[in-house]
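See structure below.
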Amino acid sequence: MFYQNYPNTLDTTIYYFGYNNISNIPDTFIITGDIEAMWQRDSTNQVIPYIRYIKEDKKLLDLILGLINRQINNVLIDPYANAFNFKPTGSPWDSDKSTKLDSQGRQINAMIPELWERKFEIDSLASVLRLQNEFFEQTQGNDSFMTQDYFRALQLIYDVLKDQQKGTFQEDQQGKVHYTFQRFANNPTDSTQHGRGNPSFSDKSGMVKTAFRPSDDACIYAFNIPGNAMLSVQLLKTADSIKEKNATLSQKYEQLSKDIKTDIYLRGITKDNQGNDIFAYEIDGFGNVLKMDDANLPSLLSLTYLGFISQNDTLYINTRKMILDSSQNPYFFKGKQGEGIGGPHIGFQYAWPLSIITRAITSQNDQEILYCLEMLKNTTDDTLFMHESFNVNNSTDYTRTWFAWANSFFGELILHLIDVKPYLVI
1 MFYQNYPNTL
11 DTTIYYFGYN
21 NISNIPDTFI
31 ITGDIEAMWQ
41 RDSTNQVIPY
51 IRYIKEDKKL
61 LDLILGLINR
71 QINNVLIDPY
81 ANAFNFKPTG
91 SPWDSDKSTK
101 LDSQGRQINA
111 MIPELWERKF
121 EIDSLASVLR
131 LQNEFFEQTQ
141 GNDSFMTQDY
151 FRALQLIYDV
161 LKDQQKGTFQ
171 EDQQGKVHYT
181 FQRFANNPTD
191 STQHGRGNPS
201 FSDKSGMVKT
211 AFRPSDDACI
221 YAFNIPGNAM
231 LSVQLLKTAD
241 SIKEKNATLS
251 QKYEQLSKDI
261 KTDIYLRGIT
271 KDNQGNDIFA
281 YEIDGFGNVL
291 KMDDANLPSL
301 LSLTYLGFIS
311 QNDTLYINTR
321 KMILDSSQNP
331 YFFKGKQGEG
341 IGGPHIGFQY
351 AWPLSIITRA
361 ITSQNDQEIL
371 YCLEMLKNTT
381 DDTLFMHESF
391 NVNNSTDYTR
401 TWFAWANSFF
411 GELILHLIDV
421 KPYLVI
């Protein structure tokens with residue numbers, strides 16, 4: 001399974017890899033699999049398991065450098081968008097009603113042919129930062145991607161995050177609504193209420209609100225805890241990497257990271273059914289909290305993987321117990337052929353292999369890890385590939401035969417276990 005899953009992104013989803021004719025700068029466009037578009041989040045996760053080898057393989061280094069360049073360009077096209085086309089060819093979602101502010105502060109149509117989809121998800125921006133940071137760390141400071149466009153993109157990201165720290169009515173008071181999104185859809189999670197989602201409140205600099213989750217589903221409450229946790233980690237890493245080249249922006253990134261983390265611990269903690277402190281999944285700032293977790297990363301289960309909190313922290317341990325308890329997490333499904341976290345994106349009784357991999361990669365318990373590996377092995381319907389989701393009572397009933405992110409993540413899990421618990425897989 002490792003030999004089949006690990007190279008799947010390289011084998012099947014590199015839609016384009018080449019060099020600019022004038023500058024010789026690499027450019028890479030990676031599709032998700034069975035959808036011929038590039039998600040900022042997915043493309044990062046698809047290549048993360050290869051970064052450990054870029055010092056030994058110049059072409060692989062250039063391929064990932066090309067992806068960084070492409071993601072930077074995507075941010076410059078539209079920092080609010082989550083998925084992009086290779087060329088300005090439009091998409092099935094051209095009729096989505098999404099707006100932005102023009103230079104005179106007027107709301108105008110934001111759907112342009114370069115975009116596949118324009119769902120604002122803070123983890124998209126966090127994923128762009130993560131890829132750059134992983135590349136920078138692995139190469140001990142290769143900063144060839146830190147061009148003028150790169151710093152323009154970083155400033156755009158900062159501006160967007162600061163704008164989205166404001167609550168709904170704070171935006172109204174200032175007369176500046178930077179982002180709206182509506183879609184005519186069968187599923188209500190594919191759109192937002194009045195283009196803006198449920199109201200949120202914030203009277204200070206803290207967490208950043210988001211319209212959609214990493215599952216591409218609309219948030220119930222705008223302040224998504226795991227998305228903000230990932231942002232906090234990656235903003236701080238970015239601040240460190242650019243300190244010598246742009247001290248002013250570095251300081252802004254560092255402060256924003258601290259503000260977000262402080263707010264998570266101030267407003268993002270609630271109680272489980274036994275009265276223990278846990279992280280909420282989403283909050284609205286008015287005092288309402290959502291207790292659940294979703295399979296897609298960033299998730300609460302993945303907080304240690306993201307580098308936000310220690311595995312031994314009581315707050316994470318309590319949160320993990322809640323997440324893996326079907327009486328507390330409405331999207332933890334158990335059946336005859338497996339168990340795992342799903343989400344509203346596919347529906348009830350469908351667990352996502354992403355969540356099972358996350359459970360294993362964040363576990364210190366050998367038996368739990370082996371249990372997860374066995375589930376992953378037995379729920380592929382003999383394809384030996386990961387799928388988007390499977391029915392926990394009938395694993396031959398699954399979604400997406402070609403989902404490269406999950407395949408890469410399985411490969412990453414095996415490499416992780418070879419590093420820390422080789423006796424489980426070798």
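Numbered continuously in UniProt numbering, the sequence shown closes out at residue 426. By construction, the Cβ of each residue, glycine as well, lies at the ideal position given by its N, Cα and C atoms.
Residue burial is scored here from C-beta neighbours: residue 222 has at least 16 other C-beta atoms within 10 angstroms and is therefore classed as buried. For residue 407, the uninterrupted alpha helix (DSSP H) run begins and ends at 404-420, by DSSP. It is roughly 25 Å from the alpha-carbon of residue 125 to the alpha-carbon of residue 175. Between the segment 109-127 and the segment 71-83, the count of Cβ pairs shorter than 8 Å is three or higher; the stretches touch.
For residue 291 and residue 416, the gap between their C-alpha atoms comes out near 29 Å. Approximately 22 Å separates the beta-carbon atoms of residue 1 and residue 336; this is outside 8 Å, ruling out the contact.
Under DSSP, the beta-bridge partners assigned to residue 117 are 83. Of the candidates 347, 329, 353, 353 places its Cα closest to the Cα of residue 338. Going by DSSP, residue 170 is part of the alpha helix (DSSP H) stretching over 168-174. Shortest Cα-Cα distance from residue 389 to any of 364, 426, 345, 425 involves 345. The beta strand (DSSP E) runs lying completely inside the segment 324-362 and spanning 3 residues or more are 332-335, 338-341, given in chain order. Only residues of its own chain outside the window of five on either side were considered, and among them 94, 96, 98, 118 have a CB closer than 7 Å to the CB of residue 111, listed in chain order. As the crow flies, the alpha-carbon of residue 309 is around 26 Å from that of residue 39. Residue environment analysis places residue 420 among the exposed positions, since fewer than 16 neighbouring C-beta atoms fall within 10 angstroms of its C-beta. Rounded to whole angstroms, the separation of the alpha carbons of residue 391 and residue 397 is 6 Å. Between the segment 185-195 and the segment 148-158, the count of C-beta pairs closer than 8 Å stays below three; the two stretches do not touch.
Shown here, residue 364 sits in coil according to DSSP, grouped into three states, outside any helix or strand. Distance from the CA atom of residue 30 to the CA atom of residue 15, rounded to whole angstroms, is 5 Å. Collapsing the DSSP output to three states places residue 75 in a helix.
Only residues of its own chain outside the window of five on either side were considered, and among them 234, 237, 238, 241 have a CB closer than 7 Å to the CB of residue 133, listed in chain order. Here the alpha carbon of residue 426 sits roughly 24 Å from the alpha carbon of residue 381.
If you ignore the 5 residues before and after residue 341, its C-beta comes within less than 6 Å of the C-beta of 293, 295, 331, 332, 355, all in its own chain and listed in chain order.
In this structure, DSSP gives residue 181 an extended state, which the three-state scheme calls strand. CA-CA distance, residue 327 to residue 69, rounds to 45 Å. Pairing residue 300 with residue 225 gives a Cβ-Cβ distance under 9 Å. Residue 3 and residue 26 have their alpha carbons spaced roughly 27 Å apart. Measuring C-alpha to C-alpha distances from residue 107 to each of 244, 178, 261 identifies 178 as the nearest.
Residue pairing of residue 212 in beta bridges, as defined by DSSP: 218. Take residue 288, set aside five residues on each side of it, and the residues of its chain with a beta-carbon closer than 7 Å to its own are 221, in chain order. Every alpha helix (DSSP H) stretch that sits fully inside the segment 248-329 and reaches 4 residues is listed by chain position as 314-323. Judged by DSSP in its simplified three-state form, residue 397 adopts strand. Annotated as proximal: residue 42 and residue 404, with beta-carbon spacing under 9 Å. Across the structure, residue 232 and residue 255 are spaced so that their CA atoms are roughly 10 Å apart.
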